[in-house]
Amino acid sequence: MNPRVLFLSALVVGFSGASLGAFEQRVPIHRTERVLATVEPDGDNPYLAFPAVLDLGDEVLVSFKRGAYHGGGAPAELDLLRLDKRTDAVSWEPGLAGAPNKTMQMGEWVRYPDGTITNWIDVQRPPSTERDGMQGVISRDGGRTFGPLVRFGEVDGMEFGYPFGSVVEGDTMWMIVMSFSHLAGGYSVIEKYPHAGPVCIIRSDDSGGTWSLVRNLTREFGDIPINESFFVRQAEGFLVVTRGYDQQVRLHRTDGVFKVQQQISLTDEYDFIERYVGRPRLFIRDGHAYLIGRNWTGRSATTDDARGDRQPRFPKAMKMGLFRVNPETLAVESYAILNNAESANVTDAYYPAPYWVERDGETYLRVVDYKGIDRRPPQIVEFEFRWSEVR
Numbered sequence: 000m001n002p003r004v005l006f007l008s009a010l011v012v013g014f015s016g017a018s019l020g021a022f023e024q025r026v027p028i029h030r031t032e033r034v035l036a037t038v039e040p041d042g043d044n045p046y047l048a049f050p051a052v053l054d055l056g057d058e059v060l061v062s063f064k065r066g067a068y069h070g071g072g073a074p075a076e077l078d079l080l081r082l083d084k085r086t087d088a089v090s091w092e093p094g095l096a097g098a099p100n101k102t103m104q105m106g107e108w109v110r111y112p113d114g115t116i117t118n119w120i121d122v123q124r125p126p127s128t129e130r131d132g133m134q135g136v137i138s139r140d141g142g143r144t145f146g147p148l149v150r151f152g153e154v155d156g157m158e159f160g161y162p163f164g165s166v167v168e169g170d171t172m173w174m175i176v177m178s179f180s181h182l183a184g185g186y187s188v189i190e191k192y193p194h195a196g197p198v199c200i201i202r203s204d205d206s207g208g209t210w211s212l213v214r215n216l217t218r219e220f221g222d223i224p225i226n227e228s229f230f231v232r233q234a235e236g237f238l239v240v241t242r243g244y245d246q247q248v249r250l251h252r253t254d255g256v257f258k259v260q261q262q263i264s265l266t267d268e269y270d271f272i273e274r275y276v277g278r279p280r281l282f283i284r285d286g287h288a289y290l291i292g293r294n295w296t297g298r299s300a301t302t303d304d305a306r307g308d309r310q311p312r313f314p315k316a317m318k319m320g321l322f323r324v325n326p327e328t329l330a331v332e333s334y335a336i337l338n339n340a341e342s343a344n345v346t347d348a349y350y351p352a353p354y355w356v357e358r359d360g361e362t363y364l365r366v367v368d369y370k371g372i373d374r375r376p377p378q379i380v381e382f383e384f385r386w387s388e389v390r
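Start counting the sequence shown at 0; every next residue gets the next number (numbering that gives the first Met the number 0).
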């Protein structure tokens, strides 16, 4: 495990666009970072990325992509790590999911009400990034073994290609998923990215035996061009975060059937959120709502690419951020820079997947992520933070 790195806290006052006046921007004092999986840059499929975690108690399952590139290009598989919370031991099991001439891009864990565990996967058709329809591997023995790749199939005439997250309550579960224009029932939501389809909520009341379409969130939120999204239960409704192709991150408060009640662009409101928040995830802890993901800071740290999209200019901007948000007003209440406060040349990173440990009477936030420096292939890494410093 790498040595702990010490940073100082900073007080940030009066951001333009912010309605908060003054609030604290934290950089944690306690931070540990260790490499969970790595391949030599000239080795076989050295690009390790996009981890997802499932906390089973004493053991944490981590799925991740093992391939050649960030997206497109060569075929790739998903591999599996098992993390032992008691001993911090790590075991690497190759070949969680794969298929000839397919790219297993990003997996998302789902634990059904009946105990079934599935990793649903964004499957692509190389050499392009065209989706092949959502597929997954299933475990019926608590995550000890997984079966062959199976297709998710259509829901009310629509096929989905990209899973983002799920919420389970009793016998009911909801999933947030994305369709694509070339899949059944899909349509294009933005001219610049013609394959991109709507983000939707689907529901099952029989542990995935049957599904129904609850809401097309793209339409419900005003036909905004969104892709990576996430949601959590909040009071009688839900809190949803969306990353947009328009380079914005938004929060949406909905009722229990996902009708929007309030929404806000955090990118427009806060100068310390310079673009979207990459692969955003939400969680509820200690009565507060939190948003974690990749963030860019500094209005000068971008340039336009050939398509006119804002892109970061390294080494300034890419960071892992944790935002505490008010679920009623959708305002940001605090912001912690979890990694790269020093603005190192982090060139590909930060799709964070959190879990928790208790040790010596204290609570620690652990985050499994991927991280590449100076354009080297990224590794799968794990960070640890004292929760009292970042919450």
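From the three backbone atoms N, C-alpha and C, an ideal C-beta is built for every residue, glycine too. No experiment lies behind these values; they were computed from the predicted model shown.
Opening and closing residue of the beta strand (DSSP E) in which residue i lies
i, result
"Trp173", "171-179"
"Val345", "345-348"
"Thr362", "361-372"
"Asp83", "76-83"
"Leu321", "317-324"
"Gly265", "A quick correction: the sequence has Leu, not Gly, at residue 265. No beta strand (DSSP E) holds Leu265; the alpha helix (DSSP H) holding it covers 265-268."
"Trp91", "89-96"
"Trp108", "102-110"
"Ile137", "134-138"
"Glu58", "58-66"
"Ala73", "Careful: Ala73 lies outside any beta strand (DSSP E) and carries neither H nor E."
"Phe229", "225-233"
"Val356", "352-358"
"Val331", "331-338"
"Trp119", "116-124"
"Phe163", "157-168"
"Pro279", "277-284"
"Tyr289", "287-295"
Where residue i falls, given that 16 or more other Cβ within 10 Å makes a residue buried
i, result
"Val256", "exposed"
"Ser387", "exposed"
"Ile379", "buried"
"Asn100", "exposed"
"Arg298", "Bear in mind that the predicted position of Arg298 carries a pLDDT of just 45, short of 50, making it too unreliable to give a figure here."
"Arg249", "buried"
"Gly196", "buried"
"Val240", "buried"
"Arg242", "buried"
"Arg218", "exposed"
"Gly114", "exposed"
"Lys370", "buried"
"Arg280", "buried"
"Lys191", "exposed"
"Pro40", "exposed"
"Glu107", "buried"
"Gly56", "exposed"
"Ser90", "exposed"
"Thr296", "buried"
Closest Cα partner of residue i within the set the options
i, options, result
"Leu47", "Glu92, Asp54, Lys258, Leu77", "Leu77"
"Gln233", "Ile225, Pro27, Phe220, His251", "His251"
"Phe382", "Pro45, Asp205, Pro50, Asp41", "Pro50"
"Lys264", "Asp254, Ile175, Tyr275", "Rather than Lys, the amino acid found at residue 264 in this sequence is Ser. Considering only alpha carbons, the answer is Tyr275."
"Leu53", "Ser127, Pro377, Pro126, Arg365", "Arg365"
"Pro377", "Gly42, Ile28, Arg25, Glu235", "Gly42"
"Gly236", "Pro112, Gln260, Gly221", "Gln260"
"Met317", "Arg374, Gly286, Asn325", "Arg374"
"Phe163", "Ile175, Arg385, Leu79", "Ile175"
"Lys84", "Arg218, His69, Val59, Ser165", "Val59"
"Ile200", "Asp155, Gly56, His287, Arg110", "Asp155"
"Ile137", "Pro126, Val149, Arg130, Leu281", "Val149"
"Met172", "Leu35, Val231, Asp285", "Val231"
"Arg323", "Gly66, Trp295, Pro112, Phe282", "Phe282"
"Tyr289", "Pro224, Gly320, Gly152, Glu129", "Gly320"
"Gly72", "Gly56, Gln123, Val38", "Gln123"
"Gly207", "Pro112, Glu168, Met103", "Pro112"
"Gln247", "Leu216, Asn294, Asn215, Gly132", "Asn294"
"Arg390", "Ile336, Ser187, Thr346", "Ile336"
"Gln24", "Asp131, Val331, Asn226", "Val331"
"Phe229", "Glu129, Phe151, Tyr350", "Tyr350"
"Asp222", "Ile189, Ser90, Glu153, Arg202", "Ile189"
"Val345", "Tyr363, Ile372, Gly360, Glu361", "Ile372"
"Arg110", "Glu168, Asp57, Tyr68", "Glu168"
"Asp368", "Asp254, Ser165, Arg33", "Arg33"
"Asn215", "Ser203, Pro193, Gly185, Asp170", "Gly185"
"Met103", "Ala348, Tyr68, Leu80, Leu82", "Tyr68"
"Thr37", "Gln134, Val26, Leu80", "Leu80"
"Leu238", "Ala75, Pro224, Gln262", "Gln262"
Run of the alpha helix (DSSP H) containing residue i, from where it starts to where it stops
i, result
"Trp386", "386-389"
"Glu219", "216-219"
Minimum Cβ-Cβ distance from residue i to chain D less than 8 angstroms
i, result
"Asp270", "Among the chains of the structure shown, chain D does not appear; only one protein chain is present."
### Message
Does the structure place the region 83-102 close enough to the region 150-159 that three or more beta carbon pairs sit under 8 angstroms?
### Response
Contact between the region 150-159 and the region 83-102 is absent, because fewer than three Cβ pairs lie under 8 angstroms.
### Message
Would you call the region 258-269 in contact with the region 335-342, where contact means no fewer than 3 C-beta pairs closer than 8 angstroms?
### Response
no
### Query
Are the region 208-221 and the region 119-127 touching by the rule of at least three beta carbon pairs closer than 8 angstroms?
no
#### Entry: Inter-stretch contact at 8 angstroms, needing at least 3 Cβ pairs: the region 181-201 / the region 134-143
Touching, no, given that fewer than three Cβ pairs across the two stretches are closer than 8 angstroms.
#### Entry: the region 345-357 in contact with the region 326-336 per 3-pair CB rule at 8 angstroms
no
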